[in-house]
Structure formats: structure tokens, C-alpha cells
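Enquirer: The structure follows.
Protein chains: 2
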Amino acid sequence: MTSSHIAKKQDLPPTAWAVLGLLSFPGERTGYELKKWADSSLRFFYWSPAISQIYAELRRLEELGYAASARSGPEEARAKRRYAITEAGREALARWAADTAEAGPPVLKHGLLLRIWLGHLSEPELLRGMVTAHLERTRAELAAVREAMGHAADVPEWAFPALALRWSERQHLAELELGEALLEDLAEAGRRAADRSARAGRQAAGDAPTPG
Amino acid sequence: MTSSHIAKKQDLPPTAWAVLGLLSFPGERTGYELKKWADSSLRFFYWSPAISQIYAELRRLEELGYAASARSGPEEARAKRRYAITEAGREALARWAADTAEAGPPVLKHGLLLRIWLGHLSEPELLRGMVTAHLERTRAELAAVREAMGHAADVPEWAFPALALRWSERQHLAELELGEALLEDLAEAGRRAADRSARAGRQAAGDAPTPG
DNA sequence: TTGCCCATGTAATTTGTTACATGATTTA
DNA sequence: TAAATCATGTAACAAATTACATGGGCAA
Numbered sequence: 001m002t003s004s005h006i007a008k009k010q011d012l013p014p015t016a017w018a019v020l021g022l023l024s025f026p027g028e029r030t031g032y033e034l035k036k037w038a039d040s041s042l043r044f045f046y047w048s049p050a051i052s053q054i055y056a057e058l059r060r061l062e063e064l065g066y067a068a069s070a071r072s073g074p075e076e077a078r079a080k081r082r083y084a085i086t087e088a089g090r091e092a093l094a095r096w097a098a099d100t101a102e103a104g105p106p107v108l109k110h111g112l113l114l115r116i117w118l119g120h121l122s123e124p125e126l127l128r129g130m131v132t133a134h135l136e137r138t139r140a141e142l143a144a145v146r147e148a149m150g151h152a153a154d155v156p157e158w159a160f161p162a163l164a165l166r167w168s169e170r171q172h173l174a175e176l177e178l179g180e181a182l183l184e185d186l187a188e189a190g191r192r193a194a195d196r197s198a199r200a201g202r203q204a205a206g207d208a209p210t211p212g
Numbered sequence: 213m214t215s216s217h218i219a220k221k222q223d224l225p226p227t228a229w230a231v232l233g234l235l236s237f238p239g240e241r242t243g244y245e246l247k248k249w250a251d252s253s254l255r256f257f258y259w260s261p262a263i264s265q266i267y268a269e270l271r272r273l274e275e276l277g278y279a280a281s282a283r284s285g286p287e288e289a290r291a292k293r294r295y296a297i298t299e300a301g302r303e304a305l306a307r308w309a310a311d312t313a314e315a316g317p318p319v320l321k322h323g324l325l326l327r328i329w330l331g332h333l334s335e336p337e338l339l340r341g342m343v344t345a346h347l348e349r350t351r352a353e354l355a356a357v358r359e360a361m362g363h364a365a366d367v368p369e370w371a372f373p374a375l376a377l378r379w380s381e382r383q384h385l386a387e388l389e390l391g392e393a394l395l396e397d398l399a400e401a402g403r404r405a406a407d408r409s410a411r412a413g414r415q416a417a418g419d420a421p422t423p424g
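The listed protein sequences derive, respectively, from chains A and B. Sequential numbering from 1 applies to the first sequence in the working numbering. Sequential numbering from 213 applies to the second sequence in the working numbering.
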């Protein structure tokens, strides 16, 4: 354990702040609980780290004095480690959250769009199938967002998480509209491609144009 | 160099496929050109890898026989390495693109939303400022998308990239609407918080409720 | 009694970034 | 002629995942 292993208080990775953020809401939590919460809420607008990484970040946050853990004593049958944010942690998190320069543009990794972009490699029907499957999945995600909204009751403490979920709900509705529009664009592109090849065929064969 | 270092043809990381995808369009390109193209187009719906990673992926793709490179000979003053996709590469890419199971849900990492979610740590005006800054940036991004659309002319070969960019354009328009709605929600939440504290203050002081 | 959920952690590996080094060509 | 851009690459590091190991409690 050399000095080079001691983490700097500045510029922690966003994941560390996200985990600390989970702890900034009232109550103490285990790493396992944090993971479940991230899966059911944070992941809609940010992302849910692997459980092993959550444990790693919790250790780092504790080392920095931003979180404190208590191993449940013998009164509880099962040994759990519950974490709570410290005053220093809350201050550091607030400073980070207020730093406008820190918040870069949103990052989107959209596997479906990558495949549409590579559409010249696939059959048109396959592309349409991928879009409809995406719409199906998005509808399921939307239901999950609404489910999460139900859990976040109308308590002042949870007002901001509720706001983030409302944003996510609208975001998923927008994603559905984008998918529908894409489906139309795909159909339109297909018609144009058919036109082109038909014209090319007629020219090659010297056919007369078909009416209508 | 043991056998364990030989990459498997199956399950390459998405980034490798994205780079191979860049090569799947007509023409040979250098790593540097790929990076520029990714920055100006791919990044809107997927993401732009670091230049060093692009070079690394190109080496891997060549090792797998999915890409072939030719060092520009003495006819060109400057030594460049131009890459082209191979038939095997095109087939593998098509197989990957057609694999529906491979395409997971889109991943979004939205720094602004993370901060809204942590709104209890910030001043309301700071939050509103972050949202308006985000709207500003999104408008600039939208302009960049449209700029890219201009470059992708109405040539059949580029029909699918053009489709992806049209999706991105709409996506950014949706992002603007989401930001506006968020701003309104923020204002509404502020009014409700003010109401609450006013009522609490009256109750504490024993004031009569104000009419209206 | 089998299997699932709770719960924590380690180890190996992969993925990806930043910093650095180098040098030619173009543009102001 | 200075600065920006083109162009390629290495090395060090950080971030993050998967696989593995372990074991208690609970329900079908």
C-alpha cells in the first residue's frame, strides 16, 4: 500500500459520485440494496454499475472519508455492511454536483441505430423487425419507469428522484415516437430503392413505364 | 505471444464492430480519417472511440482477417496506412448486425439528469442554470447533426447513414423538448416547496391561512 | 432438497482513456 | 516561420466487467 494508491479527492469517476449520490438519500444501505435501487431507477437516465464495482466504490468512498460503514453486530443473524454518507461526503458531492464544467454532454450508445446505420448489410425486413422489437422493449421499459415512479411516493425528500423519473417517462415516450418515425423512413427508403431498381430494369430492358 | 492472446472471432466488443462498420462503406481510410468521421457522425447515436483505440481495433481486425491495410508506397510522400474491409470482414459484420440478441437496450449516461436527481444538494437557480446550459449545448449539437446531414448527399450508398442522422436530428429535437418540460417541472416543484414552507411557517407562528 | 434470493467479496481480464513521442504537411 | 493539422504509434493507467468462491435463509 504505497502513497500512489491513495485516491485523490478531486476528479473521482462519475460512478463514484453516482454511488455516493445513492447514499445521499435518507437511510443506510448495503451494497446489495444499492445495486437493486440503481437497477430500478438510476439506470433509466444514468447507468447501473456491476455489483462488484459498487462494492469497490464503497470501499474507496470510505477510504476517502465520504462514507462510513458499520458491520451489523451479533443481534442480526446475517453479517451485513451498511453504509451511510458522512458530512464530508455530502459536502464533496454537493461541490461536484454544482460544478457545471464537470457535466459533459449526454452519452448515448444505441445498438439499434448502429445497425440501421449499417443497413446496407441487412435485409430490409430484418431491419424493420429490429425496430419493432425495439419498440416492444421500450414499451416494457416505460412500464418499468412507471413502476419505479409508483415507489417514489409524493414525499418531499424524493421530489428530485421523482422529477428524474418523470423525465425518463417522457424520454421513453419520445423514444417510441422516434422508433415509429424510423419505421416510416425505412418504408419510404424501401419504396425509393424499389423505384430506382425498377427504372434501371426498364432502361436495361427497354420497357415502357407502368401506369399508376 | 501465447495462444491465449489470439482473439476469438465471436463476441468482439461493439467498438470493434463499429470500426469495422466505418470501413464497410466504399473507400479506403486511415485511422485518423476514421476518427474524424466517427466524431462528426457516429458519435451522435453511438460514440466515438479514442484515436488510440481505433488504431488498436484496426490492428485486431487485421489480425482476424476482417480488414487489410496497405502502407502507402514511395509514390506518396507521407507514409499512411489505409485500411479496407475484406470479404470475410463484411460477412462477419453482416452476421453480427443481423443478430438480434446482440443488440441490447440503448445505454444513456446523462450527467444533467444525474444532477437533477441529486437536486436536494443544489440551489434551485443553479439547477435551472444547468438545464438552460444543456439546452444551449443541445442546440449546438443539433446544428452539428444538420451539418453532418449536409455532407451525406442523396447518394444511395449513404442512404442508411443519412437515416441514422435523421433519427439523431429528431432525437435532439426531442431532447430540447424534454429540457423545456424539465424546466417547467423544476419551477412547479419550487412553487410547491415554497407553499409547504409558508404553511409550515404559518402553523409555527399560529398565523391565519391566506385566502386564494 | 433443490433452487432462488440475499450478501460480500476476490481475481483475472478486457476495455478504454490520457499522456507522451515523433515527424511531415499545410496554412496564416 | 510559427501554429495548426495530419498521421501513427507506445506506455501507463483507470474503469469496468465477468467469473469465481462462499455461505445463510427461505420457499416450492
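Where is the CB? At the ideal position from N, CA and C, for every residue including glycine. Given the structure is predicted, the values throughout are model-derived calculations rather than measurements.
Against chain B, does A:Arg230 count as a neighbour if the rule is that its beta carbon must be under 7 Å from one of theirs?
Expert: Outside the shown range of chain A (1 to 212) lies residue 230 of chain A, about which nothing can therefore be said.
Enquirer: Between A:Pro49 and chain B, is the shortest Cβ-Cβ distance under 7 Å, so that the two count as touching?
Expert: By one-based count along the first sequence, residue 49 of chain A stands at place 49. Taking Cβ atoms only, chain B never reaches closer than 7 Å to A:Pro49, which makes this a no.
Enquirer: For a contact defined as C-beta to C-beta under 8 Å, what are the partners of A:Met130 on chain B?
Expert: Numbered from 1 along the first sequence, position 130 holds the residue referred to as residue 130 of chain A. Residues of chain B passing the Cβ test: Thr312, Ala315.
Enquirer: Indicate whether at least one CB of chain B lies closer than 7 Å to the CB of A:His120.
Expert: Taking the first residue of the first sequence as 1, we reach residue 120 of chain A at position 120. Under the Cβ distance rule, A:His120 counts among the residues neighbouring chain B, one pair being separated by less than 7 Å.
Enquirer: Starting from A:Ala97, follow its DSSP beta bridges and name the residues at the other end.
Expert: Working through the first sequence from its first residue, we reach residue 97 of chain A at position 97. Note: A:Ala97 sits in no beta bridge, so no partner.
Enquirer: Quick one: does B:Val319 have its CB under 7 Å from some CB of chain A?
Expert: Here residue 319 of chain B corresponds to residue number 107 of the second sequence, with the count starting at 1. Judged by the 7 Å Cβ criterion, B:Val319 is in contact with chain A.
Enquirer: My output table needs one value for B:His217: the three-state DSSP class, helix, strand or coil.
Expert: Your numbering for residue 217 of chain B matches position 5 in the second sequence. Only weak support is given to the placement of B:His217: the predicted model assigns it a pLDDT of 39, under 50, and the question is left unresolved by the model.
Enquirer: Check whether the Cβ atoms of A:Arg128 and A:Leu186 sit closer than 7 Å, and answer yes or no.
Expert: Walking along the first sequence from the start, residue 128 of chain A turns up at place 128. Walking along the first sequence from the start, residue 186 of chain A turns up at place 186. In contact: A:Arg128 and A:Leu186 (Cβ atoms closer than 7 Å).
Enquirer: Does chain A have any CB closer than 7 Å to the CB of B:Tyr278?
Expert: In the second sequence, counting from the first residue as 1, residue 278 of chain B sits at position 66. No - not a single Cβ of chain A is within 7 Å of the one on B:Tyr278.
Enquirer: Identify whether B:Ala279 lies in helix, strand or coil by the three-state DSSP scheme.
Expert: Within the second sequence, numbered from 1, the residue matching residue 279 of chain B stands at position 67. Residue state, collapsed to three classes: strand.
Enquirer: Within 8 Å, do at least three Cβ pairs link the stretch 86-96 of chain A to the stretch 61-73 of chain A?
Expert: yes
Enquirer: Reducing DSSP to helix, strand and coil, say where A:Ala56 ends up.
Expert: Here residue 56 of chain A refers to the residue found at position 56 of the first sequence. DSSP places A:Ala56 in helix when its eight states are reduced to three.
Enquirer: So B:Glu353 contacts chain A; which residues on that side make the cut at Cβ distance below 8 Å?
Expert: Your numbering for residue 353 of chain B matches position 141 in the second sequence. By Cβ distance, chain A contributes Pro105.
Enquirer: Taking only three categories from DSSP, how would you classify A:Leu108?
Expert: Sequence index remark: in the first sequence, residue 108 of chain A carries index 108 (1-based). The answer is strand: DSSP assigns A:Leu108 an E or B state.
Enquirer: In or out: B:Lys248 buried (at least 16 other Cβ within 10 Å) or exposed?
Expert: In the second sequence, the residue the question calls residue 248 of chain B occupies position 36. Under this definition B:Lys248 is an exposed residue.
Enquirer: Are the CB atoms of A:Ser24 and A:Ala38 nearer to each other than 7 Å?
Expert: Counting from 1 along the first sequence, the entry for residue 24 of chain A is found at position 24. Counting from 1 along the first sequence, the entry for residue 38 of chain A is found at position 38. No.
Enquirer: How big is the Cα-Cα spacing for A:His120 and A:Pro13?
Expert: In the first sequence, counting from the first residue as 1, residue 120 of chain A sits at position 120. In the first sequence, counting from the first residue as 1, residue 13 of chain A sits at position 13. Straight-line Cα distance between these residues: approximately 38 Å.
Enquirer: Terminal residues of the continuous alpha helix (DSSP H) containing A:Tyr32?
Expert: Within the first sequence, the letter at position 32 stands for residue 32 of chain A. It spans 31-40 - the alpha helix (DSSP H) in which A:Tyr32 sits, taken as one unbroken run.
Enquirer: B:Ser236 touches chain A at which residues, Cβ-Cβ below 8 Å?
Expert: Residue numbering aside, residue 236 of chain B sits at position 24 when the second sequence is read from its first letter. Neighbours of B:Ser236 on chain A, chain order: Leu118, His120, Leu121.
Enquirer: Excluding five sequence neighbours on each side, which residues of the same chain lie with their C-beta closer than 6 Å to the C-beta of B:Thr422?
Expert: Indexing the second sequence from 1 puts residue 422 of chain B at position 210. Unreliable placement is indicated for B:Thr422, whose pLDDT of 48 sits below 50; no coordinate value is reported for it.
Enquirer: If you compare alpha carbons, which of B:Ile297, B:Leu254, B:Phe257, B:Lys292 is closest to B:Arg272?
Expert: Within the second sequence, the letter at position 60 stands for residue 272 of chain B. When each option's Cα is compared against that of B:Arg272, the closest is B:Ile297.
Enquirer: Since A:Val145 and A:Leu165 are thought to touch, with beta carbons under 8 Å apart, how far apart are those beta carbons, to the nearest angstrom?
Expert: Taking the first sequence and counting its residues from 1, one reaches residue 145 of chain A at position 145. Taking the first sequence and counting its residues from 1, one reaches residue 165 of chain A at position 165. With a Cβ gap of about 6 Å, A:Val145 and A:Leu165 count as contacting.
Enquirer: When you compare only the Cα positions, how much space is there between A:Tyr46 and A:Val155?
Expert: Numbered from 1 along the first sequence, position 46 holds the residue referred to as residue 46 of chain A. Numbered from 1 along the first sequence, position 155 holds the residue referred to as residue 155 of chain A. Rounded to whole angstroms, A:Tyr46 to A:Val155 spans 23 Å at the Cα level.
Enquirer: Relative to the C-alpha of B:Ser380, which residue among A:Trp96, A:Leu112, A:Thr132 is closest?
Expert: Looking up residue 380 of chain B in the second sequence gives position 168. The option with the nearest alpha carbon to B:Ser380 is A:Leu112.
Enquirer: Out of A:Arg192, A:Glu157, A:Ala189, point me to the one whose CA is closest to B:Arg408's CA.
Expert: Position 196 of the second sequence, counting from 1, holds the residue named residue 408 of chain B. Of A:Arg192, A:Glu157, A:Ala189, the residue nearest in Cα terms is A:Glu157.
Enquirer: For B:His384, would you say it is in contact with chain A, using Cβ-to-Cβ distances shorter than 7 Å as the test?
Expert: Indexing the second sequence from 1 puts residue 384 of chain B at position 172. At a cut-off of 7 Å between C-beta atoms, B:His384 does not count as an interface residue with respect to chain A.
Enquirer: Given a cut-off of 7 Å, decide if A:Lys109 and B:Val343 are closer than it, judged by their beta-carbon atoms.
Expert: As a first step, residue 343 of chain B must be located in the second sequence, where it is residue number 131. As a first step, residue 109 of chain A must be located in the first sequence, where it is residue number 109. In this structure, B:Val343 keeps its C-beta atom at 7 Å or more from the C-beta atom of A:Lys109.
Enquirer: Starting from A:Ala79, trace the beta strand (DSSP E) both ways and give me its first and last residue.
Expert: Start at 1 with the first residue of the first sequence, and residue 79 of chain A comes out as number 79. No beta strand (DSSP E) contains A:Ala79, which DSSP labels as neither H nor E.
Enquirer: Can you give me the start and stop residues for the alpha helix (DSSP H) that A:Trp17 sits inside?
Expert: For the purposes of this step, residue 17 of chain A is taken as the residue at position 17 of the first sequence. Element bounds for A:Trp17: 14-23.
Enquirer: Using only the alpha-carbon positions, how far apart do B:Leu395 and A:Ala181 sit?
Expert: For the purposes of this step, residue 395 of chain B is taken as residue 183 along the second sequence, with counting starting at 1. For the purposes of this step, residue 181 of chain A is taken as residue 181 along the first sequence, with counting starting at 1. Straight-line Cα distance between these residues: approximately 26 Å.
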